[in-house]
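Student: Numbering (the working numbering), first residue to last: 7 to 366. All residues carry an ideal CB built from backbone N, CA and C; glycine is no exception. I have a structure I would like to understand better, so I am pasting it below and will then ask my questions one at a time.
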């Protein structure tokens, strides 16, 4: 009997496993494959990421520093509207190695992290949760029991669906791939050429260039991706595809289960990124949930929404701008472009004293 079973060892799951183990709880963390694979997420992150990993991991993870973004309403030859800082805005990191580093942190804290363990069934009982698990290379299944289960298993969460928790408001289809030619440029390119979202180009230093986009279900994302890379005249490799949940459901807890990260759609509506939001929620869960007291799950539900709901709500407003008529996008970009004082994970920083000073 474990205190917590964590399903999914991405950033949110690994962070919760680490913090719960640090607090003295017995933690089992299960990953269906190898931690970090398959890659289905961009490695463009805010500099806040370094607060979550050991100092000695920085050189191993770091790939490039970014000072701003060129927004375009057309292709790479269309007019660029730059948004930038004098100091670095964000970093590009090795996304696979990030997951592995966070999983190692959980192991070092005492969590029992197991790869190749696929959860096939989740049964919530009065006093515990029972997980049925298929183990890679072994016949049949095994069962584990815990006082509570943390569903950190991504946008198509098995935990969420097994326990009839509501789905995210929306799920986008994201794709990305890589050009191996080195590029140490310090601006990303954002193209507002995709329905209700955008396409991007991210220089990754010696690791090459990342190209990607996301769009609502039904859109021909592969065709749009081909059009993007054709306009840049590049051949890409390591094509990745995945779901991006947008809009948290009304409820992310049951009596003995709770969701964190993409499983709870704790993501930025205007970029789809969820690393920082998911790890923020993981810290909140570890600080508020007592596995011996199911009533504390309501404290987690309230606390993560208090922390993230404003940013998510403002993020939805930012995303609406992607669907403005092209002429209005040009007017808005022209009037707002230049030096900024915003934080890439916090839309509320648009109203900060630092940014308003830059803006005016």
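If residue 89 sits next to residue 156, beta carbons under 8 Å apart, how far is it from one beta carbon to the other, in whole angstroms?
Tutor: No, residue 89 and residue 156 are not in contact; Cβ-Cβ is about 36 Å, not under 8 Å.
Student: With DSSP run on the structure shown, which of helix, strand or coil describes residue 88?
Tutor: Residue 88: strand per DSSP, three-state reduction.
Student: With 16 as the cutoff for other CB atoms within 10 Å, does residue 159 come out buried or exposed?
Tutor: Answer is buried; the Cβ neighbour count reaches 16.
Student: Looking at the secondary structure, which residues open and close the alpha helix (DSSP H) in which residue 318 lies?
Tutor: Unbroken alpha helix (DSSP H) run through residue 318: 302-326.
Student: Taking only runs that begin and end inside the region 225-277, name each unbroken alpha helix (DSSP H) of 4 or more residues, in chain order.
Tutor: For the region 225-277, whole alpha helix (DSSP H) runs of length 4 or above, ordered along the chain, are 227-238.
Student: Going by Cα to Cα distance, which pick from 51, 234, 42 and 238 is closest to residue 280?
Tutor: Checked all of 51, 234, 42 and 238; the closest Cα to residue 280 is 51.
Student: In the DSSP assignment, find the unbroken beta strand (DSSP E) run with residue 125 in it and report its ends.
Tutor: Element bounds for residue 125: 123-130.
Student: Measuring straight from C-alpha to C-alpha, what distance separates residue 298 and residue 272?
Tutor: Each residue's alpha carbon lies about 25 Å from the other.
Student: Cβ atoms of residue 76 and residue 98: under 8 Å apart, would you say?
Tutor: No, the pair does not count as a contact, with Cβ atoms beyond the cut-off.
Student: Among 175, 347, 178 and 34, whose alpha-carbon lies nearest the alpha-carbon of residue 135?
Tutor: Residue 34 is the option with its Cα nearest to residue 135.
Student: Express the C-alpha separation of residue 245 and residue 16 in angstroms, rounding to a whole number.
Tutor: Their Cα atoms are separated by approximately 20 Å.
Student: How would you call residue 9, buried or exposed, if buried means at least 16 neighbouring beta carbons within 10 angstroms?
Tutor: Its Cβ being crowded by 16 or more others within 10 Å, residue 9 is buried.
Student: Evaluate residue 288 with the Cβ neighbour count: other Cβ atoms within 10 Å of its Cβ, from every protein chain shown; 16 or more gives buried, anything less gives exposed.
Tutor: That one is buried.
Student: Using 8 Å as the threshold, is the C-beta distance between residue 63 and residue 266 below it?
Tutor: Cβ distance not < 8 Å, so residue 63 and residue 266 don't count as in contact.
Student: With DSSP run on the structure shown, which of helix, strand or coil describes residue 221?
Tutor: Here residue 221 sits in strand by DSSP.
Student: So, for residue 109: in the same chain, excluding its five sequence neighbours on each side, which residues have a beta-carbon less than 6 Å away from its beta-carbon?
Tutor: Once the five neighbours on either side are set aside, the close Cβ partners of residue 109 are 15, 20, 41 and 119.
Student: Classify residue 126 as buried or exposed, calling it buried when 16 or more other Cβ atoms lie within 10 Å of its own Cβ.
Tutor: Flag for residue 126 reads exposed.
Student: Considering only the beta carbon of each residue, do residue 45 and residue 107 sit closer than 8 Å?
Tutor: Taking 8 Å as the Cβ cut-off, residue 45 and residue 107 do not qualify as a contacting pair.
Student: Taking the alpha-carbon positions, what's the residue 350 to residue 236 distance?
Tutor: For residue 350 and residue 236, the distance between alpha carbons rounds to 28 Å.
Student: Determine the extent of the beta strand (DSSP E) in which residue 152 is found, giving its start and end residues.
Tutor: Unbroken beta strand (DSSP E) run through residue 152: 148-157.
Student: Since residue 214 and residue 250 should fall inside the 8 Å C-beta cutoff, what is the C-beta to C-beta distance between them, to a whole number of angstroms?
Tutor: Residue 214 to residue 250, Cβ: 22 Å. No contact.
Student: Of all the options 111, 168 and 352, which has the alpha carbon lying nearest to the alpha carbon of residue 27?
Tutor: Looking at the Cα atoms, 111 is the closest of the given residues.
Student: List the DSSP bridge partners of residue 136.
Tutor: For residue 136, which the question treats as bridged, DSSP gives the partners 129 and 151.
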